[in-house]
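Just below is one structure, and these are the notes that go with it.
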């Protein structure tokens, strides 16, 4: 949440947001079985440049937490409707925010509605990912921003929807 208690996020096109969530889901669902499993997340993170900066046990705890947060029916998998709910698209349609918007607000340390180079670098370090200066610059460019202005919430969704696997 912004210091003022109001959202500084620009309005978004709901159809585009839903399509972006579907792309992100499809990237994470590496075995294409219609649900995200721990194995899918392991495959995704192993394909990232630099990988996760943590030991195997810590990585397993992170993956387990991710599944637990989204798995509302407690079947051990994240189906698309659960994924969409966690990212906030379903809640936005009914007037509320979502987890990803909350994450964006936490990452946006000055509350200006953009993730700066410093915001992204700091968050990646905190989250346990190695990210070089070039990686951060590439993320901003991929999200449709520039190094001076940063990247918007929609840009963050574009970054997350990139197919790192192939």
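In the UniProt record's numbering, the protein residues as written are 1 to 166.
All C-beta atoms in this analysis are idealised placements derived from N, C-alpha and C, irrespective of residue type, glycine included.
**Item:** Coarse secondary structure for residue 7, derived from DSSP in three states
**Value:** Unreliable placement is indicated for residue 7, whose pLDDT of 42 sits below 50; the coordinate value is still reported in the next sentence. Correct three-state label for residue 7: coil.
**Asked** Looking at the structure shown, is residue 150 part of a helix, part of a strand, or coil, going by DSSP?
**Response** Residue state, collapsed to three classes: strand.
**Message:** Quick check: what's the CA-CA separation for residue 40 versus residue 23?
**Reply:** CA-CA distance, residue 40 to residue 23, rounds to 15 Å.
**Message:** In whole angstroms, give me the CA-to-CA distance for residue 147 and residue 27.
**Reply:** Residue 147 and residue 27: Cα-Cα distance of roughly 26 Å.
**Asked** CB residue 107 to CB residue 117, shorter than 8 Å?
**Response** No, they are not a contact pair.
**Asked** DSSP on residue 51, reduced to helix/strand/coil?
**Response** Confidence in residue 51 is poor, its pLDDT being 48 and thus under 50, which makes the residue's placement too unreliable to answer from.
**Item:** Close Cβ partners of residue 143 (< 7 Å) along its chain, the five nearest in sequence each way excluded
**Value:** Counting only Cβ-Cβ distances below 7 Å, and skipping sequence neighbours, we find 151, 155, 156, 158, 159.
**Prompt:** CB-CB under 6 Å to residue 145, same chain, minus the five flanking residues each way: which ones, in chain order?
**Reply:** So the qualifying residues of the chain are 151, 155.
**Cα-Cα separation between residue 129 and residue 69, rounded to whole angstroms** = Taking the straight line from one Cα to the other gives about 20 Å.
**Contact check, residue 115 vs residue 21, beta carbons under 8 Å** = No, they are not a contact pair.
**Item:** Given residue 73 as reference, the closest of 42, 82, 65 once Cα atoms are compared
**Value:** Ranking the options by Cα distance to residue 73, first place goes to 82.
**Prompt:** Thinking C-alpha only, which one of 59, 120, 126 is nearest residue 141?
**Reply:** Of the candidates 59, 120, 126, the one whose C-alpha sits nearest the C-alpha of residue 141 is 120.
**Asked** Going by the beta-carbon positions, is the gap between residue 179 and residue 80 smaller than 8 Å?
**Response** The requested residue 179 is not part of the displayed model; the chain covers only 1 to 166.
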